[in-house]
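Asks:
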Amino acid sequence: MIYLCVSFFLFFSGCGGSSEKSTEHTTQSSRQSPESDLASFVPVPAGGGGNFIESYSKLSLGLRVVPEAADGSDSNRPDPQFNWAAVANAEEASWDETGGVFHRKIFLVDPESSLPEHKRHLFFVWPENPWGSPIRSASFTHRIVSPLNHRRGTLNPMPVWHDLENQTWFIPISEIFRASENYKALDASGEDTQIIHIDLILENGLSVPVEIRFQAIGPIPDIRHELHPVPPSPNAVEFVKSISREGRVVRIESWTNPSSRPFTLWVRAQTGRQALKLHTEIQMSEYTPRGDGPPLGPHLRSQNSSAELSVTQIVAEHGGPGGESEESSDVGNQWVSFTLKAAEVLYLYWRANPSVGVRDCLIPPPQIIPMSWLEIFPQTFSRVLNIPIGVWQDRPDPLRPPAYHTQNMTHHSRVVGGALQGNWEGEVRLVHPFTSQQEATRANAPGSSREYRVLWSSALQEALVAESFNPALPSYYCQGIFRDN
Amino acid sequence: MDLKGEVVLKSQLFGKSVLTCLVFLGMGSCGPARSVPLNEEDLLAPLIDTDTSGLKESPSPAQALGLRIGVEKKFLRTFYSSTRDGDRVYLAQNVYPMRTTQNEIYLNRALPFSPSNFTSKNIFFAFTQDLLQSTIINASVSHALISGSNQKIYFPDSYIICHDLNQNIWLVSVTDILKKSFYLLSEVNTHIFLLNLTLANSLKIEIKIYFRIVKE
């Protein structure tokens, strides 16, 4: 197989790549294709001074978008086995006298993509002799037009590859963006229009310009992910109380988009194998009355009240903490989306809230109970004038009988601790902003291709435990949460 | 509302000659009459393009269609109204940058589109009534798009197109049709309007208009 990379000289044709560029291409080609004949990499000067002509039918140029070979044997050139007619049928393009417009979007190679067709390099390919006079040299320039008609890109001509063996000329589409200075493949947005202006110089000296317009979609960039610690509660009591009042953030993470394109995050939370439960330990303080002495106590007795929680709410903050806030309040078992804007850091706060149907419980108010007792003192009897007189020993006034004692004792209950135990599952998927919800949230069947990239998927996300909790505690009479205590 | 009275009122208000678009009553979503000032300011002046490469001696149906872009300007109302009887359509006096093939037209520039109901203007396609030495007697349009994922989505509705007899043009309200697929108004989508034209000589012609939008 023989490739020929053509270089051009500005003074010669008014366009053309540098000789360095040509060498780079040549070197790369020879490295990738050891069997290449280096002698065939001869710079071919552009046909300077050629007559400019536009009357050639650009449709008959036969330009196609062709992938590399499916077996991955050579990513530097188009599949030599491709079927011209089949490729043409797969394209949606309009051709006129000036060139062509591809209506189908061209996905730039993305090695991390789960779609096989997005992992393959693509090429603009056309035969070397479409009009009866072979193409002698070719170069192209690249410009970008935004939806608002802002134009970018330089008009530096870049070389086109000539595959002598297969008698075709081709442009690696990824090469177009590699050579571009301020607009790389990661910047390629489907909203922009890419314009390739190809200058073909024929053997008969004529110069034929061809303009190609297309929409390119760059690969999904590496999105940086960081997990941030959830701020602890000052104590277990506050932990339980705050959950009861406003739920609990169980996960904080940030996603950083390094590219100039927006993306969409689809997120979902699900209940894990063990439901997420808030256990509240209620401690009761009580006294035991005695008839012959002061009440015993306080006796401390703990019971447990449980309530199920679900991760149902996600708050997104654009640009980091304190930034523009966006909230989805029903993420439990259904997908919701957030926009990951260009070059931004997006924080996601996953919040667990009491599930639907959870009871509200109340801590009973303190209960004041009067407790009475009669102290028992040893009594001895003495006879005075033969009259028996009882004397209570150990009393200041031994002749005065002891009275009943009464004391108000307070029984009270309070929350002393608790824990959030169990697990939940979550998933974050990253997709292009134009990907439909149906595609983005499709079930991840093994071996199936999909349009999304999974950024995070947890089998089980353990929840927080405020303090060690004894699950063997007896049950409190009310199972639920304590919002108002 | 007395449509003619409304038109006369506008004529007096703006001191311009006005023409009235013929209404095909009871024919689908064809809108009511629109008053069309002639030689008004060219709102699309910044969009003028000198690309005339599509012109040649024997024009294809797509070229002969003479597609122009119109802008409907609100005058008496702030908000969008379904009656739209206070609107006027300005036609760009210049050719919008486009490519034409035998039966396809591709607009080189995205059409400005306001997805909000508070839009200040609506976009129209306007084309000639005389085509290929005959006259268009019936015209309808359907909508499809190529999504960013290269899915081709066809919308089942077909819309009757308004015929402005005074200007000898047909008018397609791009805004009205796109609003029906509001959720797909991504700038990455390529929209396709498929014009079905019936000529007086019984010839039927299909012309595809490819375009994209930019949200204002």
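Which chain is which? The protein sequence lines are A and B, in order. So for the first sequence, the working numbering puts the first residue at 1; every next one is plus one. So for the second sequence, the working numbering puts the first residue at 1001; every next one is plus one. Using N, Cα and C, we set each Cβ at its ideal position, and we do this for glycine too. What you are looking at is a predicted structure, and each value in this text was computed from that prediction instead of being measured.
Run through DSSP, which three-state label would Pro258(A) get?
Replies: Numbered from 1 along the first sequence, position 258 holds the residue referred to as residue 258(A). Reduced to three states, the DSSP call for Pro258(A) is coil.
Asks: Which residue wins for smallest C-alpha separation from Val416(A), given the options Ser382(A), Val454(A) and Phe469(A)?
Replies: Working through the first sequence from its first residue, we reach residue 416(A) at position 416. It is Phe469(A).
Asks: Would Gly1070(B) count as contacting chain A if we go by Cβ distances under 8 Å?
Replies: Counted from its first residue, the second sequence places residue 1070(B) at position 70. With 8 Å as the cut-off, Gly1070(B) does not count as an interface residue toward chain A.
Asks: Rounded to whole angstroms, what's the CA-CA distance from Pro67(A) to Asp79(A)? Just pull it up for me.
Replies: As a working note, residue 67(A) is residue 67 in the first sequence. As a working note, residue 79(A) is residue 79 in the first sequence. Approximately 6 Å between the Cα atoms of the pair.
Asks: Against chain A, does Ile1146(B) count as a neighbour if the rule is that its beta carbon must be under 8 Å from one of theirs?
Replies: By one-based count along the second sequence, residue 1146(B) stands at place 146. Judged by the 8 Å Cβ criterion, Ile1146(B) is in contact with chain A.
Asks: Name the chain B residues that come within less than 9 Å of Lys105(A), Cβ to Cβ?
Replies: As a first step, residue 105(A) must be located in the first sequence, where it is residue number 105. Residues of chain B passing the Cβ test: Ile1146, Ser1147, Gly1148, Ser1149, Asn1150, Val1188 and Thr1190.
Asks: Taking the C-alpha atoms as reference points, what is the distance between Gln1133(B) and His1191(B)?
Replies: In the second sequence, the residue the question calls residue 1133(B) occupies position 133. In the second sequence, the residue the question calls residue 1191(B) occupies position 191. Each residue's alpha carbon lies about 29 Å from the other.
Asks: So is His150(A) in contact with chain B if we call contact Cβ pairs under 8 Å?
Replies: Position 150 of the first sequence, counting from 1, holds the residue named residue 150(A). With 8 Å as the cut-off, His150(A) does not count as an interface residue toward chain B.
Asks: Please report the distance separating the alpha-carbon of Gln1167(B) from that of Met1098(B).
Replies: To locate residue 1167(B), count along the second sequence from 1; it is residue 167. To locate residue 1098(B), count along the second sequence from 1; it is residue 98. Rounded to the nearest angstrom, the two C-alpha atoms are 22 Å apart.
Asks: Residues of chain B with CB closer than 9 Å to the CB of Ser94(A), please, in chain order.
Replies: In the first sequence, the residue the question calls residue 94(A) occupies position 94. The contacting residues are Arg1099, Thr1100, Thr1101, Glu1104, Ile1105, Tyr1106, Lys1208 and Tyr1210.
Asks: Under 8 Å between the Cβ atoms of Ile1207(B) and Leu1111(B)?
Replies: As a first step, residue 1207(B) is located in the second sequence; it is residue number 207 there, counting from the start. As a first step, residue 1111(B) is located in the second sequence; it is residue number 111 there, counting from the start. The answer is no: Cβ separation not under 8 Å.
Asks: Give me the Cβ distance between Ser189(A) and Arg453(A), rounded to the nearest whole Å; I'm assuming they're in contact under 8 Å.
Replies: The residue you call residue 189(A) lines up with position 189 of the first sequence. The residue you call residue 453(A) lines up with position 453 of the first sequence. Actually they do not touch by this definition, with Cβ atoms about 17 Å apart.
Asks: Under three-state DSSP, which class holds Leu202(A)?
Replies: Here residue 202(A) refers to the residue found at position 202 of the first sequence. Reduced to three states, the DSSP call for Leu202(A) is strand.
Asks: Starting from the beta carbon of Thr264(A), find every residue of chain B whose beta carbon is closer than 9 Å, and list them in chain order.
Replies: Residue 264(A) sits at position 264 when you count from the first residue of the first sequence. Correct list: empty, because the minimum Cβ distance to chain B is about 11 Å.
Asks: Identify which residue in Ala342(A), Pro127(A), Pro370(A) and Arg414(A) has its Cα closest to the Cα of Thr288(A).
Replies: Reading the first sequence from its first residue, position 288 is the one you call residue 288(A). It is Pro370(A).
Asks: Check the Cβ of Val1174(B) against every Cβ in chain A and list those closer than 7 Å, keeping chain order.
Replies: In the second sequence, residue 1174(B) corresponds to position 174, counting from 1. In chain order: nothing, as chain A lies at least about 16 Å away.
Asks: Ends of the alpha helix (DSSP H) at Gln1063(B)?
Replies: Indexing the second sequence from 1 puts residue 1063(B) at position 63. From DSSP, the alpha helix (DSSP H) with Gln1063(B) extends over Pro1061 to Ala1064.
Asks: So what's Glu165(A) in DSSP terms, helix, strand or just coil?
Replies: Translated into the one-based positions of the first sequence, residue 165(A) becomes position 165. Coil.
Asks: Please give the ranges of any beta strand (DSSP E) in the stretch 356–400 of chain A, keeping only runs that are unbroken, at least 3 residues long and fully inside the region.
Replies: For the stretch 356–400 of chain A, whole beta strand (DSSP E) runs of length 3 or above, ordered along the chain, are 367–374, 379–384 and 387–392.
Asks: Determine the extent of the alpha helix (DSSP H) in which Glu246(A) is found, giving its start and end residues.
Replies: Position 246 of the first sequence, counting from 1, holds the residue named residue 246(A). From DSSP, the alpha helix (DSSP H) with Glu246(A) extends over Ala236 to Glu246.
Asks: Run through the DSSP bridge pairs and tell me what Ser413(A) is partnered with.
Replies: The residue labelled residue 413(A) in the question sits at position 413 within the first sequence. Note: Ser413(A) sits in a beta bridge opposite Met284(A).
Asks: For the structure I just gave you, are there three or more beta carbon pairs, one from the stretch 174–181 of chain A and one from the stretch 224–239 of chain A, closer than 8 Å?
Replies: With the cut-off at 8 Å, the stretch 174–181 of chain A and the stretch 224–239 of chain A do not touch.
Asks: Does the distance from the CB of Ile1161(B) to the CB of Leu1199(B) come in under 8 Å?
Replies: Along the second sequence, one-based indexing puts residue 1161(B) at 161. Along the second sequence, one-based indexing puts residue 1199(B) at 199. Against a cut-off of 8 Å, the Cβ pair of Leu1199(B) and Ile1161(B) comes out as no contact.
Asks: Just to confirm, are Phe1127(B) and Leu1067(B) a CB contact at a threshold of 8 Å?
Replies: Position 127 of the second sequence, counted from the first residue, corresponds to residue 1127(B). Position 67 of the second sequence, counted from the first residue, corresponds to residue 1067(B). A contact, by the Cβ cut-off of 8 Å.
Asks: What are the start and end residues of the alpha helix (DSSP H) that includes Leu1178(B)?
Replies: Counting from 1 along the second sequence, the entry for residue 1178(B) is found at position 178. It spans Val1174 to Lys1179 - the alpha helix (DSSP H) in which Leu1178(B) sits, taken as one unbroken run.
Asks: Does the beta carbon of Phe52(A) sit closer than 8 Å to a beta carbon anywhere in chain B?
Replies: For the purposes of this step, residue 52(A) is taken as the residue at position 52 of the first sequence. With a pLDDT of 48 at Phe52(A), under the threshold of 50, the predicted position of this residue should be treated as unreliable, though the coordinate-derived value follows. Closer than 8 Å: no.
Asks: What residue from Phe239(A), Glu211(A), Pro402(A) and His412(A) has the CA that sits closest to Pro378(A)'s CA?
Replies: Here residue 378(A) is taken as the residue at index 378 of the first sequence, counted from 1. Nearest option by C-alpha distance: Pro402(A).
Asks: Quick check on DSSP: helix, strand or coil for His118(A)?
Replies: Translated into the one-based positions of the first sequence, residue 118(A) becomes position 118. His118(A): helix per DSSP, three-state reduction.
Asks: Would you report the Cα separation of Ser457(A) and Glu308(A), rounded to the nearest angstrom?
Replies: Looking up residue 457(A) in the first sequence gives position 457. Looking up residue 308(A) in the first sequence gives position 308. Straight-line Cα distance between these residues: approximately 22 Å.
Asks: Which residues in chain A have a C-beta closer than 7 Å to the C-beta of Ala1110(B)? List them in chain order.
Replies: Numbered from 1 along the second sequence, position 110 holds the residue referred to as residue 1110(B). Here the neighbours are Pro147.
Asks: Kindly indicate if chain A contains any beta-carbon less than 8 Å away from that of Ala1045(B).
Replies: Position 45 of the second sequence, counted from the first residue, corresponds to residue 1045(B). Unreliable positioning characterises Ala1045(B) in this predicted model, as indicated by a pLDDT of 34, which lies under 50. The coordinate reading is nonetheless provided below. Not an interface residue.
Asks: Out of Gln367(A), Glu427(A) and Trp335(A), state which residue places its alpha-carbon closest to the alpha-carbon of Gln438(A).
Replies: For the purposes of this step, residue 438(A) is taken as the residue at position 438 of the first sequence. Checked all of Gln367(A), Glu427(A) and Trp335(A); the closest Cα to Gln438(A) is Trp335(A).
Asks: So, with DSSP's three-state summary, where would you put Ile173(A)?
Replies: For the purposes of this step, residue 173(A) is identified with residue 173 of the first sequence, where counting begins at 1. Helix at Ile173(A).
Asks: Indicate the three-state DSSP secondary structure (helix, strand or coil) for Leu59(A) in the structure shown.
Replies: Here residue 59(A) refers to the residue found at position 59 of the first sequence. In this structure, Leu59(A) counts as helix in the three-state DSSP scheme.
Asks: If you check the beta carbons only, do Pro321(A) and Gln407(A) fall under 8 Å apart?
Replies: Here residue 321(A) corresponds to residue number 321 of the first sequence, with the count starting at 1. Here residue 407(A) corresponds to residue number 407 of the first sequence, with the count starting at 1. Taking 8 Å as the Cβ cut-off, Pro321(A) and Gln407(A) do not qualify as a contacting pair.
Asks: Starting from the C-beta of Gln215(A), find all residues in its chain whose C-beta is less than 6 Å away, skip the five residues before and the five after it, and write them out in chain order.
Replies: Counting from 1 along the first sequence, the entry for residue 215(A) is found at position 215. Within the same chain, Gln215(A) has close Cβ partners Lys105 and Gly190.
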